[in-house]
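>
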Amino acid sequence: MHRDIFKAIADPTRREIINLIAHESMNLNAVADKFNMSRPAVSKHIKILTECGLLVIKQQGRERFCKADLRQLKEVTDWAGQYRRFWTKKLDALDAFLIHEQQSTDHTNPKNEE
Amino acid sequence: MSTQPFVIERIYNASAQAVWEAITDNAKMKQWYFDILDFKPIVGFEFTFTGQNEGKTFVHLCTVTEVIEGSKLSHTWRYDGYEGNSEVTWELFPQGDKTRVVLTHTGLETFPPLKDFMKENFDAGWTEILGNLLRNYVEKQAAQ
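Top to bottom, those sequences are chains Z and B.
Here the first sequence is numbered in this note's numbering, starting from 572 and rising by one per residue.
Here the second sequence is numbered in this note's numbering, starting from 140 and rising by one per residue.
#1: Can you list the residues of chain Z that B/Q170 reaches, using a CB-CB cut of under 9 Å?
#2: Per DSSP, Z/A639 is paired with what?
#3: Kindly indicate which residue of B/G220, B/Y221 and B/S225 has the alpha-carbon position closest to the one of Z/Y654.
#4: Using only the alpha-carbon positions, how far apart do B/H199 and B/E208 sit?
#5: So with Cβ pairs under 9 Å, would you call Z/L591 a contact of chain B?
#6: Looking at chain C, is there any beta carbon in it that lies within less than 9 Å of the beta carbon of Z/K661?
#7: In chain Z, what lies closer than 9 Å to B/V158 by C-beta?
#8: Contact between the segment 662-675 of chain Z and the segment 142-156 of chain B: three or more CB pairs below 8 Å?
#9: Please list the residues of the segment 585-613 of chain Z that have a C-beta atom closer than 8 Å to any C-beta atom in chain B, keeping them in chain order.
#10: Would you say B/K211 faces chain Z, with C-beta separation under 9 Å as the test?
#11: Taking C-beta pairs closer than 8 Å, name the residues in chain B that Z/R633 reaches, listed in chain order.
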C-alpha cells in the first residue's frame, strides 16, 4: 500500500528522521541512536517513511543504510518555487520602476501635460 | 529533478525601448534589479553581483551570451563556489504601446538541489507543508 505522504510527515519524529538523512545516507543503527526511544519504535517510523517512498534502505555489506528520497516531497514543495518567488519580486520591481520613470517623464515633458 | 525551464511572463505598460533600457542600462538596473559594478549588453561581457536569495547572500557570476538590441538579452547565471550553471533570457515583444516580457531561466536543475543554498527552499517547503498543506489535510480529514 502506498501510504499517504502527509500522514508520514505529520509526525515530528519522522520529520526529524528525514532531516537527518536528507543530505547523506546513514546507517540505520546510527539513526536509531539519535532518538530517545526503543529501536522497534524507530523502526516503525522508518517503515512508514519507506512505505510512502520518502526513505530508501540500501544494504551495503552487512550494514543497512537509509537515505531520504525527496522526489516525493517535490510534489508538494517544488523547489523551482524559490525562483518563482524571486523573479516575481524582480518583475514587480521592474513594473514599479517603469511606472515611476513614466511619471517623471510626463512631469518634465510639457507636451504630455493637460 | 525537473528539466522544465522556468518561464514567467508579464505585460508592462511601457515601450519596449523603455524596458530594454531598464534591463540593460546599469544606472537604471541599479534602481530595481541588482547593484552591478559594471554592465554592458555585449556578448562575452562578464559581470558579477551579490544577491540575496531568501535571506542568504550569494555571489552571482554571469556572462552575456546573446544580445539582440532592443528585444533579447541572455546571460549565464551561476553561484560562486557552487556547481551548476543556468541561463537567464529576457525577451521583449512590443504590443501596441505596451511590452510583453518573457523571462526564461533554464538549467536550474544543474544546481545541487539539496546543498546549502537550496536548503532555504527545503526549509520553506517544510513551512509550506506544515503551515498549509498539512493543515488543509487535517481539516479536510476532520470534516469527513
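Glycine residues also receive a C-beta, built at the ideal position from the N, C-alpha and C atoms.
Just so you know, these numbers come straight off a predicted model, no measurement behind them.
Per the coordinate set shown:
#1: The answer, in chain order, is A664, F668, H671 and E672.
#2: DSSP, once it has assigned bridges, lists Z/L626 as partnering Z/A639.
#3: It is B/S225 whose Cα lies nearest to the Cα of Z/Y654.
#4: Going from the Cα of B/H199 to the Cα of B/E208 covers about 24 Å.
#5: Not one chain B Cβ lies under 9 Å of Z/L591.
#6: The structure shown contains no chain C; its protein chains are Z and B.
#7: Under the 9 Å cutoff, chain Z gives L665 and L669.
#8: Yes, the segment 662-675 of chain Z touches the segment 142-156 of chain B.
#9: If the cut-off is 8 Å between Cβ atoms, the segment 585-613 of chain Z has R586, A593 and H594 near chain B.
#10: False, the Cβ-Cβ gap to chain Z never drops below 9 Å.
#11: Simply none; closest approach about 28 Å.
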